[in-house]
Each structure stands twice: as C-alpha cells, then as structure tokens.
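Just so you know, the sequence shown maps onto residues -19 to -1, 1 to 659 in mature numbering (1 follows the signal peptide of the UniProt record, and there is no 0).
Even glycine gets a Cβ: it sits at the ideal position worked out from N, Cα and C.
Here's the structure we're looking at; comments come further down.
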Amino acid sequence: MRIPLPFLALALAAGSAHGQAGLAASADAVTLDNITVTAERTERSLKDTATSAVVLDRTALEQRGLDDSNDVLGNIANVTGTGTSNLAPAVRGVDGTGPAQGADAFFAGSRPRLNVQIDGRPASYNEVVFGNLSMWDVEQVEMLRGPQSTLQGRNAVAGTLAIRTREPTWESEAGIRLLAGSQRRAQTAFYLSGPLSDQVAYRIAGDFQTWRSFVDFEPYPGVKDPEDFAVRTLRGKLLFEPEALDGFRTVVTLQHADAHGPQVVTERRPFGGHVSDFPRMPVFAPRARTGIVDTQWRFAPRLAFENLLSVNDLYVERRAEAGTGFARIDGEEYVLEPRLRLARGDGRLAGVAGVYLYRADQNEFIDFPADEHLDDRVDTAALFGEGTVALREDLDLTLGARFERERHRRRGGDGTFVAIDIDETYETFLPKLGLAWRPDEAWTLGVTAARGYNGGGGGITYDFPIVSYSFDPEYVNNYEAYFRGDLLGGRMQLTGNVFYGEYRDMQLPFDLNPDPSVWSVIVRNADRARNYGAELGLRWLAAPGLTVHGDLGLLRTEVTDYPDSNIEGHEFANAPAATANLGFAWVAGNGFELSANARYSDAYHSSIDNHPRGKTEPYWLLDAKAGYRIGIAHLFAFVDNLLDDDTPLLITPGATAADDVATLPRPRSYGVGVELNF
C-alpha cells in the first residue's frame, strides 16, 4: 500500500480525530470540549464509543464552512464522494448508493447502503443522493463508519450519517445569515426561538441556498435553467415539558425540504474545459414534508421510555425530455420506534431495547422505454437491544442483537418491455459483541464484532438487452479494534479504529453489454469480498484558541470470490488506499478568526470493473475561511478549492478515450457573508 509521507507521520504522531466538536470555540479555552455521541440510540462520550465516529457540532460546522451534507461527507477520511453524480459517498469502499444507480436504481426500487437520519427520521434514497441536506441551525452531525445494522437497521450496512437540528430554547434568541459568492452562490437563512409559556417553547428556522453549475447546459421543454441548483429548508419545532409530568418532554417537528439541480455535472475530454457531454441534462427535484414526534419520559431514576414517530410525504421528479426518462415518485414513509432505556447510574448494567416498525408506499412513473407505472411497498418490523455490563471496574462487556423481518412488494411495467413482479420476505438475525478495557483514566482499549445486512431486490435493465433480474440480501461480518486517549490534561484527544469486513453475497453491478455506449447493467451477488484498514487522527488544543485536527483513513478492498464475473480480485469502486484531512481553527481574543482545512485522496478506480481509464489521480483540496466578530455581528469570507484543483473525482470510460466523461470538483469559489445573532 502506498501511503503519502505526510499522513504516515500524522498516523504515527496521533490516533484518530474522529471527534471534532467545539473546535476552538473560545479564545481562552484551556481544555478541549467533551464529545457526546447520540446516534447509537443512547448518549455516551466518544471515549466510551466503540464505533468509528466523526462528530461535528455547530461550532465546527460554522468554522469550517460546511453548509450541507455533501460538504460534511467530503471532509471525512475513508468516505469518498464523487461530486454531483448519481452516487452517494462510499464508506470504507462500500458504495453508499447501493448496488444500483440512476435509472437502474429507479427500476430496482432505490435502496441505499448509507443510512441518513434527520432528527431520527430516515431519509429516502433520493434525499440521500440528490437532496444535499442543509446544515443551517444544526446542533450536531455524527458520521458512524462501518456497518450499523444492529441499532440502525435497514440501509445502514455502509454507515450512518445522523443530523440533529437545534431544539427550542427557554430564552429568546434569533439570528440571520446573508451570503453571496462566485458561481452565483447565495444564501439567506434565519432562526427564531424562545418560550411560549413556562412549559412550551418554539423554534423556527429556514435556509435558502442557490448556486450555479460550473458546466453549462441547454434549456429544453419543461426545464429553463438545468444548470441551476437550489436547496430550501423550512422547519418548525415545539418543545413540551409539562410540570405535571416530571421527567417528561416531547418535541414536535414539522419540516419542508426541497432541492433541485442537474442530475450529474460531467464533462468530456479534455477535462477541465467545462464542456458538457450531455447538454440537455435531466434535473432531479426531491421534496420531503415531514412530521416527527420525539418523546422521552424518565419515570424512574434509571428507567426511561422513549418513542419516535415520523411521517414523510415524499415527491420526486426527474425532469427530462419526453421519452428519455421523465419520472415521478409519489410516496409516504412511516416510522414508529418505542424504546425502553436503563441508565447505569450506580449499577453495573445499562442498555436499551426497542421495537422498530417501518412502512413505505410509493407510486412511480417513468416514460422509458414506454409509459411505465410501478407500485412499491416495504414493510419492516424489528426487535433490537444492546446492553453493557461492568465485569470489573475497568472492564465492560457489551452484547447486542437485532431480529428484522422485511417484506418487499414491487409490481408494474407496461407488459411488453417492462414487467416487474417481486414479492419477497427477508428475515435476519444481527448479533453484536464488544469488550472495553480502561487501564487508566486516560485510555480506553476495546474490540467489537458485529453482523451487518442489506435486503435484496430486483429490477430491469435500462438499455438493451432489457431483461428482468433479482438479487439476494448481502451480509458482512465486521471486526474492529479501537483505542481512545485523553492526554495533556485534556488538551489532546486521540482515537483510532482498525477494521476487517468479510462480505458474503455482496451486491455488485454486472454489465451485460460490453459496448460502453450501452448501459445494460444488472445486480448480482458476489460470493465473497472484503475490506480492511484503519481510521486514525487527533484533536489538539495547541494554544488557547488554536485547535489542530487531523483525520487519516487507510483502506484495502478486494472481490475475493466471484466466479465467471471477470472482476474477481478487483478493488471496490471509489476506494482509495489513503484519505486524510488536516486543518486548524484559530480564535483570537480580539474577535478575529481563521481556519483552513486540507483534504487528500489517493488514486482509486471509478467502477468495479477497474477499467484503466477509469482510475483517478491523487488530489488535494484546500479550503480557508476568515472572520471577525464585533457585538452581535459575525463577518466572514471564504475560499473553497483554493488551489483550483481540477483532478477528476469520477471517470466513466467511453468506447474510446475521446468519449470518456468525468465528474470534477467545483472550481475555486469564494464569497463573503454576515451573520447577526440576537
């Protein structure tokens, strides 16, 4: 494995900078903030969390200029994004999109491997891939790398991104942000919060962002400006804490979120010329209207009842020229998750147990190859639990398990070209085991083993030969060893995970037509595959107000057993051997702020066939931000991709090299803004 020297030095000097909460939040801070992980159905410190978790609080999000979910995922080691494309980021080489993409995903039922949650609600496939979720008025973001199936359940075999928005406050507060920048970038955002009574508080937040593609497209009937992006979010919350019911609280959330933009932003050779390979680019426009009721009731000193109820009204359009794949999805999603929690307190045992119920109904239409109407329904029921028992004062044993049953029904087509009739039921048992040892107050060492899972499905090919197909569930046995360290009197935090994943029946794309101009891809199950590597880094309060962070990911992947596929021995797609982040945030006592972050990726293959022309080159991306605080005002300026790097993030080979297309990072962009907080 070839590892760049700067990051080898970083790995030897540190551990893993998984937690980056509260970076340099105060100019006179003398210790780092403690980090709390909440996405694993409980609240625990990062030091007591075995999962390889990256935690970013609102201070870190602001200082590093991370305005949406793509920004966040692009700044995490061993997570590889590919710009504006049909793909969700790959986590440890496992494609977060799922086994199918684009039109193939539409016909197959669109099932991701990356679980994204907003206030506990699971986001749908099109929100994950095309939604670009806003980070405005967000309290904390957590990225859990590796299989999370035991506690998160469906669609979490690659990992989980958990977004927790800010809650209503008992003191009145308000804020507004105005931003303008190059590439027609603009943002208007606000929040307003406070008490309605001594038992009820509210919060309202909105964010409206627009920008323009750096590749020009042509208008066509129904789409005037295919190069325009927009993300709009409006959210309202009510917090109830009745005095008559001690320990009870519930938060009711209503949210509208919509986005639109070109499906992909690709260009033909010579790359960097910003000439589109498909001028009349389709536009994806997902819209989600959500209601969430999140209840907690601590009815005994160590016992609490919790319940999450969410309803999502989903509507998605793929706007395209008639007869080329204009599509609509109209659906509803429901989640009910009651849980019972036991806190450790002065006892030896702590844990959580719950029930998970999920239903999704979708009506779908696409006008290719004829007018195709499909109905899709998924019903999932699961029992899950996890408990930790103190074997000794310095030794904890964790046991967890999930039993899940899912029925997937998918029917429709036109009866001639397309005929889909799937009615499958999947049942699985997902155990988890962990052991943690604390030799002293500074260090935690541990090991874990867990099983991950993603359900099966089926679909048809998008191009000739048009055939129907089905595929089985995939499984992974994941083994990890980890350490956590708290050094220099609380001024340095080290964490690290080493992992080995053994996949069985991994769902992989398989091309039926050797002609690169014909997209006829099905999904098959590879007998065996594996990934292994490490995540390492540090957080260091180098001086009051100056925090340094680093994050290094090392990775190897291989399809180990897949007879007659021509991809046995290949690396996974979008799985670089090394990725890293290195940066700092400085808050001076006079109100001045400065931060910068450098991201590195080694070369990787863009597809599972490991085509030589589809392999990228190593690249660096550098971002910087400066600000000044005076009174209630925060003035700031930023530059993204400071070095104007145009190394392709994804390359799709064509019939000849001249026909290759690529996705590139956004060129250097800059802007200024002001934020007022009252």
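Based on DSSP bridge pairs, tell me the residues matched to H354. For the purposes of this step, residue 354 is identified with residue 373 of the sequence shown, where counting begins at 1. Partner(s): F346, G394.
Using a Cβ-Cβ cutoff of less than 6 Å, which residues in the same chain neighbour V399 once the five nearest sequence positions on both sides are dropped? By 1-based counting over the sequence shown, the position of residue 399 is 418. Excluding residues within five positions, the ones whose Cβ falls inside 6 Å are E353, I441.
Between G531, A515, E516, D590, which has its C-alpha nearest G550's C-alpha? For the purposes of this step, residue 550 is identified with residue 569 of the sequence shown, where counting begins at 1. Closest option to G550, Cα to Cα, is D590.
Considering only the beta carbon of each residue, do L645 and E248 sit closer than 8 Å? To locate residue 645, count along the sequence shown from 1; it is residue 664. To locate residue 248, count along the sequence shown from 1; it is residue 267. Yes. Within cutoff.
Tell me the residue span of the beta strand (DSSP E) that contains R39. Here the question's residue 39 lines up with position 58 in the sequence shown. No beta strand (DSSP E) holds R39; the alpha helix (DSSP H) holding it covers 39 to 44.
Using a Cβ-Cβ cut-off of 7 Å (strictly less than) and excluding sequence neighbours within five positions of A639, which residues of its own chain qualify? Within the sequence shown, numbered from 1, the residue matching residue 639 stands at position 658. Answer for A639: R250, listed in chain order.
Closer than 6 Å by C-beta to Y183: which residues in its own chain qualify, once you throw out the five before and the five after it? Chain order, please. Locating residue 183 in the sequence shown gives position 202, where the first residue counts as 1. Cβ-Cβ distances below 6 Å link Y183 to P149, L177, L219 in the same chain, with the five nearest sequence neighbours on each side left out; the list follows chain order.
Does DSSP put V109 in a helix, a strand or coil? Here residue 109 refers to the residue found at position 128 when the sequence shown is read from its first residue. Helix at V109.
Which whole runs of the alpha helix (DSSP H) in the segment 110 to 152 are 4 residues long or more, in chain order? You should have 130 to 133.
Assign T61 to one of two classes, buried (16 or more other C-beta atoms within 10 Å of its C-beta) or exposed (fewer than that). Here the question's residue 61 lines up with position 80 in the sequence shown. Its Cβ being crowded by 16 or more others within 10 Å, T61 is buried.
The beta strand (DSSP E) with N658 in it runs from where to where? As a working mapping, residue 658 is identified with position 677 in the sequence shown. Segment 650 to 658, the beta strand (DSSP E) holding N658.
Please return the same chain residues whose Cβ sits closer than 7 Å to the Cβ of L4, not counting the five positions on each side in sequence. On the sequence shown, residue 4 is found 23 positions in, with the first residue counted as 1. Unreliable positioning characterises L4 in this predicted model, as indicated by a pLDDT of 41, which lies under 50. A coordinate reading is not provided.
Ordered along the chain, which non-local residues of its own chain (more than five positions away) have a Cβ less than 6 Å from that of T369? Residue numbering aside, residue 369 sits at position 388 when the sequence shown is read from its first letter. Cβ contact annotation for T369 (same chain, cutoff 6 Å, sequence separation greater than five): A331, D377, T379, in chain order.
Using CA atoms only, rank isn't needed, just tell me which of R92, V119, E224 is closest to E108. Sequence index remark: in the sequence shown, residue 108 carries index 127 (1-based). Of the listed residues, the one whose Cα sits closest to E108 is R92.
Between the C-alpha atoms of L338 and T361, what's the straight-line distance to the nearest angstrom? Locating residue 338 in the sequence shown gives position 357, counting from the first residue. Locating residue 361 in the sequence shown gives position 380, counting from the first residue. Approximately 6 Å between the Cα atoms of the pair.
Same chain only: Cβ atoms within 6 Å of E455, ignoring 5 sequence neighbours per side: One-based indexing of the sequence shown puts residue 455 at position 474. Excluding residues within five positions, the ones whose Cβ falls inside 6 Å are N435, D486, M487, Q488.
Please list, in chain order, all residues of the same chain as residue 660 whose beta carbon is under 6 Å from its beta carbon, the five residues on each side excluded. Residue 660 lies beyond the residue range present for the chain, which begins at -19 and ends at 659; the question has no answer from this structure.
According to DSSP, is L54 part of a helix, a strand, or is it coil? Locating residue 54 in the sequence shown gives position 73, where the first residue counts as 1. When secondary structure is reduced to three states using DSSP, L54 falls in the helix class.
I'd like the span of the beta strand (DSSP E) that includes V434, first residue to last. The residue you call residue 434 lines up with position 453 of the sequence shown. Per the sequence presented here, residue 434 reads as Tyr, with Val not at that position. Bounds of the beta strand (DSSP E) holding Y434 are 424 to 435.
Counting C-beta neighbours from all protein chains within 10 Å, is the total for A643 16 or more, i.e. buried, or is it exposed? Taking the sequence shown and counting its residues from 1, one reaches residue 643 at position 662. Sixteen is the threshold: when 16 or more other Cβ atoms of the shown chains lie within 10 Å of the Cβ of A643, as they do, the residue is buried.
Opening and closing residue of the beta strand (DSSP E) in which L290 lies: The residue labelled residue 290 in the question sits at position 309 within the sequence shown. Where L290 is concerned, the enclosing beta strand (DSSP E) starts and stops at 284 to 300.
Of the choices L517, V97, A371, L47, whose alpha-carbon is the least far from that of F480? Counting from one through the sequence shown, the residue named residue 480 turns up at place 499. Minimum Cα-Cα distance from F480 among the listed residues L517, V97, A371, L47 corresponds to L517.
D641 to P634, Cα distance in whole Å? Taking the sequence shown and counting its residues from 1, one reaches residue 641 at position 660. Taking the sequence shown and counting its residues from 1, one reaches residue 634 at position 653. When rounded, the separation of the alpha-carbon atoms in D641 and P634 is 4 Å.
Assigned exposure category for F659 - 16 Cβ within 10 Å defines buried: Here residue 659 refers to the residue found at position 678 of the sequence shown. Of the residues assessed, F659 falls on the exposed side of the cut-off, its CB having fewer than 16 other CB atoms within 10 angstroms.
Thinking D542 and G46 are a contact (beta carbons under 8 Å), I'd like their distance in whole angstroms, please. In the sequence shown, residue 542 corresponds to position 561, counting from 1. In the sequence shown, residue 46 corresponds to position 65, counting from 1. At roughly 44 Å, the Cβ-Cβ gap does not stay under 8 Å, so D542 and G46 are not in contact.
Provide the residue span of the beta strand (DSSP E) that contains W278, from first to last. On the sequence shown, residue 278 is found 297 positions in, with the first residue counted as 1. From DSSP, the beta strand (DSSP E) with W278 extends over 264 to 279.
For A6, is the classification buried or exposed, using 16 other Cβ atoms within 10 angstroms of its Cβ as the cut-off for buried? For the purposes of this step, residue 6 is taken as the residue at position 25 of the sequence shown. Here A6 scores only 48 on pLDDT, less than 50, and its place in the model is too uncertain to base an answer on.
In the DSSP assignment, find the unbroken beta strand (DSSP E) run with D209 in it and report its ends. The count along the sequence shown starts at 1 and reaches residue 209 at position 228. Segment 209 to 221, the beta strand (DSSP E) holding D209.
Check this for me: beta carbons of F410 and F384, under 8 Å apart or not? Numbered from 1 along the sequence shown, position 429 holds the residue referred to as residue 410. Numbered from 1 along the sequence shown, position 403 holds the residue referred to as residue 384. Yes.
According to the neighbour-count rule (16 or more other Cβ atoms, all chains shown, within 10 Å of its Cβ), is L475 buried or exposed? Indexing the sequence shown from 1 puts residue 475 at position 494. Burial call: buried.
Excluding the 5 residues preceding and the 5 following G572 in the sequence, name in chain order all residues of the same chain whose CB lies nearer than 8 Å to its CB. Taking the sequence shown and counting its residues from 1, the one referred to as residue 572 is at position 591. The answer, listed in chain order, is Y609, R610, I611.
Is it the case that the Cβ atoms of A269 and A238 are separated by a distance below 8 Å? One-based indexing of the sequence shown puts residue 269 at position 288. One-based indexing of the sequence shown puts residue 238 at position 257. In this structure, A238 lies closer than 8 Å to A269 by Cβ.
Based on Cα-Cα distance, which residue from W424, S546, A139 lies nearest to G466? Sequence index remark: in the sequence shown, residue 466 carries index 485 (1-based). For G466, the closest C-alpha among the options W424, S546, A139 is that of W424.
Less than 6 Å between C-beta atoms, sequence neighbours within five positions excluded: which residues of the same chain meet that for L289? Position 308 of the sequence shown, counting from 1, holds the residue named residue 289. For L289, where only same-chain residues beyond five positions count, the Cβ hits under 6 Å are G101, D275, E318.
Could you please give the first and the last residue of the uninterrupted beta strand (DSSP E) stretch that includes V620? Here the question's residue 620 lines up with position 639 in the sequence shown. Start and end: 614 to 621.
Cβ-based burial, R165 [other Cβ within 10 Å; buried from 16]: Here residue 165 refers to the residue found at position 184 when the sequence shown is read from its first residue. The residue is exposed, with fewer than 16 neighbouring Cβ atoms inside 10 Å.
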